[in-house]
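Numbering (full-length UniProt numbering), first residue to last: 1 to 106. Below you'll find the structure, written out as structure tokens, and then a few comments.
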Amino acid sequence: MVRRAPWHKFAGICVIITALALGTRVMKRACKQSWSEIYHGLMPVEIDDCHLTFFNDRDTLDYCDYCTSPDGRVGSLGTWQRYDTDPVELLSGWERERLEHLLNEF
1 MVRRAPWHKF AGICVIITAL ALGTRVMKRA CKQSWSEIYH GLMPVEIDDC HLTFFNDRDT
61 LDYCDYCTSP DGRVGSLGTW QRYDTDPVEL LSGWERERLE HLLNEF
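Shown next as structure tokens:
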């Protein structure tokens, strides 16, 4: 069995979210509720083959709670907080605004 390094050691998730903000990747909702219906809670999405869960704090993007990549890498809030590498916090202001806008379109 091949052990995969945890995702906090890779910039991959930020690259994926940045590509989404630039319009070169597509995000799909992975639940029935919209961003505004969730209002305060977790919102699962898919970007290509990656599964991400963002926390909606009263219609504001707060943090990325969890993600998995197709190659088996996993990232979670606990790990990101430990290393100060939450992908949402690493985005530029424009990228974060764009991601929030895309989430609100759901």
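No residue lacks a Cβ here, since even glycine has one placed at the ideal position from N, Cα and C.
- One thing to note: Val45 has its Cβ no nearer than 8 Å to the Cβ of Arg25.
- By a beta-carbon distance limit of 8 Å, Leu99 does not contact Ile38. Their separation comes to about 15 Å.
- Leaving aside the five residues that flank Arg58 on each side, the residues in its chain whose CB is nearer than 8 Å to its CB run, in chain order, Tyr39 and His40.
- Its Cα nearest to that of Leu61, the residue Asn104 stands out among Leu20, Asn104 and Gly12.
- DSSP lists no bridge partner for Ile17.
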